[in-house]
Structure formats: C-alpha cells, structure tokens
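Protein chains in written order, with our numbering: chain A, 1 to 346; chain B, 1 to 259.
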C-alpha cells in the first residue's frame, strides 16, 4: 500500500445559511486511523466528502502528503470510500464490484480479477465471488464494499458511517475486521461515525466535532479522561452534571472539596462534570445523601441511578460485586473518587 | 396465503391479457388476412409480398427510416441520460420546470414544429434529412423522458455515482458502466418508444417535404392498397430485429431482487 498523510487546512463550507465547516483543520498521519465523531449536522460527513472530492470546499486546502489536491476531481484522487448505504453495483458480481476500481485504472482483466479474489479472501468472502450483491447479507455487502475500496490500493481510505446500517453483533465484528485490515495494510484512514463506542474502539485518535469545528482531537483515552471542553465532556461517554458552587478554585461535591478544572468563573453557581465510574454508592456515612431509583445489572458492572434531595439525578457505575446488595428505594450516600473535576457554568 | 391471493388474481389477470391480446392482434391478423387476398382468383397468395420485395424503393425507404430512427435514439440517449442524471443529482427546483417542458410536445401542434424548424434551423441543416432526427427527438421527448425518469427514481443514484467516482470512474464511465446498466429496463423502453415513434412518424416528415418509409407507404397506397398493407406488415419485423440486437448489446444481468 502506498499510504500517505492527509491534511485539511482552514476548510470552510457553507450550505445556504448553514456553516457546515468553519475554518476546519485536521492532520492525519501515515497509516493512522482517525475517527471524526459528533452529533448530526456537526459537519463530519461534509469533511469526509471534501476529502473525497465529492463536495467542493468554499475555502481552504486539502493536501495529501504535501500535495495540494483541493481542485482535483474525485475520480483522480485515488481514495477508497465505503458508504453507509452499501452502494454496490447491482449489475456486477461480487468480484466484478471489487475489481471495478482496477477496471477504471485499465488493469488487465486477469490481474484485476486475481487482485479482487485476494481482497475477497482478506474479508472472508472468497467463496462468494460469483454471486450478485443482492444475494449477500448486509454485513457481507459492506465487506465487499470495503474490499472494493481497498482493491486499487488507495492513498487514503474514507469510511462514511460504514456500520450504521448493520445489526449490533455484525457491527462489532466488522469494526474489528476494519481495524485488522487497516493495521495490516497500513492504510491511512478517516472514519466518520456518530457512534462513540465505535470511534473509541478502532481509532488511533478521535476528533470530536461541533458546529463545523474540531473541538478536540486526541487518543480515545485522553478524550475520555481529559476532555478539553464541556461539549466534549458531555458528548463522549456519560457525564453527571452536579450543581454546586465554585469558590477559590474549589467546588464541593457530596461534602468533599475538590479542585475545579477549566473553570470559567471564580465564584457562583456551576456544574461539576463527573463520570458515573467516579462516583461510589454506599451505606457509609457521608454528606452525599441520595435515594436509589433503579439499579441495572450490566454484567461486570451495575448502573445505579440515584436522586439527591435537591432533585438532581446522579448515575453511578460500580462493580457488580460491590453493589449487589443495594436496592431501589434505599437511602444511601454518594462519594466522589476524584481530586479534581471539570466544571461548567452552563 | 400468498398462493391463495395469486389464484384469486389469476382470472381477472387472464381476462385482461386476453382483451389486450385481442386488441393488439385482431387488427394485425385482419390486416394480414387482407394483404394475402388475391382478388383475381378469389383465394389467398403472396402476390403482394412478392411485389413489395421486388420494389426497389421498399429497401431504400425502409433503410432510410431505420437509420434515421437509430440516429434519433442516439440523440435521445446522448441528450437525455446525462441531463436527467444531472437533474436528479442536483436536487434543483429546475426539475419541476423541465418536467413540465418535457410535456410540451404533446400539446404543441406538429405543424408548429415544422414551421419552427423552417425558421430556426440553419440552412445547411434544413438541406439534409438529418434535420428529421432532431425533430423526432422532440416528439419522442415526453415518453423517453418519463421512461428514464422512472428508472433513475428507482435507484440510489447519488450513492452509486459517488461510489463509482470515488473508485476512479469519470462521469462518462459512471454513466456508461454503472448507471445505464442499472436502469437497463428504462433505457430499453426509451429505445423502443423512440425508435417506434420515429419509424412511424408521418405528419412532420410530409410537412418538411422529406420522404421516409411511412410517406412512401402512403404514396404506394394510392395505387395499390393491398401492396401497401403487405409492406406495412413486413415493416413490423424491423423494430423486432433492432430491439433484439439492442438486447444483445446491453445484456441483462441477474439483478432480480436487488434492493
């Protein structure tokens, strides 16, 4: 594979009055898999389509390994793309679909079919090569689409919510397969998804987008544990918003004072942003009085939803073997396990 | 359950097909029966068919009408397929306007086209019979447009064309290698409708003082009505041969059940 790096510089794109991309910047290294994550309408698909050449940016540059391809037509960009809708050609067999890109590059029939079979073997569909696409399941069709996108050895692989139309189990299997293939082939990949679990599971780095802007791009671990903004903190994973007061850079949560991070104001009412796994529920005495509303068993861990006297609903995630004897309706105390928390004034 | 519904639908379906068959075939068979009558002997024979084949003009005009119809089909596909693909992909409000415009040939009198052609076509076009395919194209537009429109509406055009382009196909290859094969049924219907309409077009051709197969048949009918019917019967074979050839050129793939 002749993988290259990808660089988007100051990309802007408007659709009428909507600012889909606003001075958007992104760097993807050689062989790296970067996911763009964000709510609907945040501009992640537009960014991918600009890279593919299917959408023309109003301003900014698209560079592949330093070469400006901003005005290059889509068919000359040498980028493999997998779409949400399988987008296979119904008039072609599975192997003809996979060989399509090579056909367009005038590779002779023998070589392109040989390459197509190699790719089908990689995605575990070598025995289906003579079938038509309607004879395959959704997962199989998306594997063919992936093989088609990889067959002509693209410089960049673009994945536009490729798992969204699939069943839960197939999604998990296929996302692992995508990652395995991406790592083994070393293809630079940009992956757009609205599913944070998917993005976290397969990516080297995840970029969180909001209103056409990249809010934060980091490793999944950093993104989850050290979100740079309240939007990222709220969007990635579950986050409790606990009303409290900030004073001298400290906030009090369940009777314990902790350091406030990213504080926008020095005093007054704020929300402390705390992950469910950073809250413990117990019968041990404390100031965080609450009442258990529900307890959901999730295997190794249990989700306990409590209500505090001021009406706030708090979620706590605890190992199941510690929380087995806690029951709905029970009066308990909440404890925070952090020394510092992110706060927000909105 | 499904079988019971099918059995229930069978009698009305059979009756409809029977009526349709009668409507199409009875006049044709009657014309054929009439064309093989031999008034001199009171029996049947192939006299008029032998006469038609021996007429030098028969092959001349049938060949001329066939190639003019072929050119019309080419013009229709070359203009309409890219235009309709663009209209469907552009999500433009212009689609409603073009939909309406495509129906105009049904309400504008043919004589207006003829006069319009005399006024607007450059002289070098008017001096050649090649002016006819452009006008036949306009006459076939309402049918050809709708046939292709239905085909393009029935497929995920945007995704398929984007998939083709991202895989390295330019627009021309995308249309030829992906879109046309996927809407093969609509393309075939467009070819059939345009070809048949062009092959049988009479009024416009006469108004512009050109001679084609239909005008020649009318001329023959003035002296030999049975010969003219025999010629018409034989001309039915032409579209059949052409459409069979087109079917072989654009082979059908196993796409049943496609989503």
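Glycine included, each C-beta is placed from N, C-alpha and C at the ideal position.
On a predicted model such as this, the values are computed, not experimentally measured, just so you know.
| Item | Value |
| --- | --- |
| Helix, strand or coil: which one does DSSP assign to residue 259/B? | Because the pLDDT at residue 259/B is just 40, under 50, the model does not fix this residue reliably, and the value given afterwards should be weighed accordingly. Here residue 259/B sits in coil by DSSP. |
| With a cut-off of 9 angstroms, does the C-beta of residue 70/B fall near any C-beta of chain A? | no |
| I need the DSSP call for residue 205/B, collapsed to helix, strand or coil. | helix |
| Who are the neighbours of residue 75/A on chain B, taking C-beta pairs under 7 angstroms? | 165, 168, 169 and 170 |
| Is it true that the region 73-83 of chain A meets the region 244-255 of chain A, where meeting means three or more beta-carbon pairs spaced less than 8 angstroms apart? | no |
| Nearest-angstrom Cα distance between residue 296/A and residue 239/A? | 17 angstroms |
| Roughly how many angstroms separate the alpha carbons of residue 109/A and residue 133/A, rounded to a whole number? | 20 angstroms |
| Relative to the alpha-carbon of residue 173/B, which residue among 196/A, 167/A, 100/A and 169/A has its alpha-carbon at the smallest distance? | 100/A |
| According to DSSP, is residue 41/A helix, strand or coil? | coil |
| Grab me the residues of residue 98/A's own chain with a C-beta within less than 7 angstroms of its C-beta, minus the 5 sequence neighbours each way, in chain order. | 116, 119, 120, 144, 147, 148 and 151 |
| Are residue 112/B and residue 126/B closer than 9 angstroms when you measure CB to CB? | no |
| So with Cβ pairs under 9 angstroms, would you call residue 160/B a contact of chain A? | yes |
| Please specify which runs of the beta strand (DSSP E), each continuous and at least 3 residues long, are wholly inside the region 199-284 of chain A, giving them in chain order. | 205-210, 213-218, 240-247, 250-253, 256-261, 267-274 and 279-282 |
| What are the complete alpha helix (DSSP H) segments, minimum 4 residues, inside the region 130-179 of chain B? | 131-153 and 157-166 |
| Taking DSSP as the reference, what is the three-state secondary structure of residue 63/A? | strand |
| So which of 102/A, 84/A and 280/A has the shortest CA-CA distance to residue 162/B? | 84/A |
| Among all the DSSP beta bridges, which residues are the ones paired with residue 124/B? | Per DSSP, none; premise fails for residue 124/B. |
| List the DSSP bridge partners of residue 13/A. | 21/A |
| Does any residue of chain B have a CB that is nearer than 9 angstroms to the CB of residue 158/A? | yes |
| Report yes or no: do the region 191-207 of chain B and the region 35-50 of chain B share at least 3 C-beta pairs separated by less than 8 angstroms? | no |
| Using beta-carbon positions only, say whether residue 335/A and residue 299/A come within less than 9 angstroms of one another. | no |
| Answer yes or no: does any C-beta atom of chain A fall closer than 9 angstroms to that of residue 182/B? | yes |
| Any idea what DSSP makes of residue 291/A, helix, strand or coil? | strand |
| With a threshold of 9 angstroms between beta-carbons, can residue 79/A be considered close to chain B, or not? | yes |
| For the pair the region 144-159 of chain B and the region 179-197 of chain B, tell me if three or more CB-CB distances fall below 8 angstroms. | yes |
| Can you tell me where the alpha helix (DSSP H) holding residue 169/A begins and where it ends? | 168-185 |
| Just to make sure I have the definition right: I need the residues of chain A whose C-beta is within less than 8 angstroms of the C-beta of residue 156/B. Which are they? | 85 and 87 |
| Of the residues that make up the region 86-118 of chain A, which ones have a beta carbon closer than 7 angstroms to any beta carbon in chain B? | 87, 89, 90, 91, 100, 101, 104 and 105 |
| How would you list, in chain order, the residues of chain A whose beta-carbon sits under 8 angstroms from the beta-carbon of residue 178/B? | 89 and 91 |
| What is the rounded straight-line gap between the Cα of residue 131/B and the Cα of residue 139/B? | 13 angstroms |
| Any heavy atom of the ligand MN closer than 8 angstroms to the CB of residue 298/A? | As presented, the structure is devoid of all ligands, the ligand MN included, so that no description of it is given. |
| Relative to the C-alpha of residue 337/A, which candidate in 113/A, 207/A, 182/A and 276/A has its C-alpha closest? | 276/A |
| At a CB distance below 7 angstroms, what residues from the region 28-61 of chain A approach chain B? Give them in sequence order. | 52 and 54 |
| If the cut is a Cβ gap below 7 angstroms, which residues of chain A does residue 173/B touch? | 104 |
| At 9 angstroms on the CB atoms, spell out the chain B contacts of residue 148/A, in chain order. | 163 and 167 |
| Restricting to Cα atoms, I'd like to know which of 216/B, 164/B, 249/B and 225/B is closest to residue 62/B. | 216/B |
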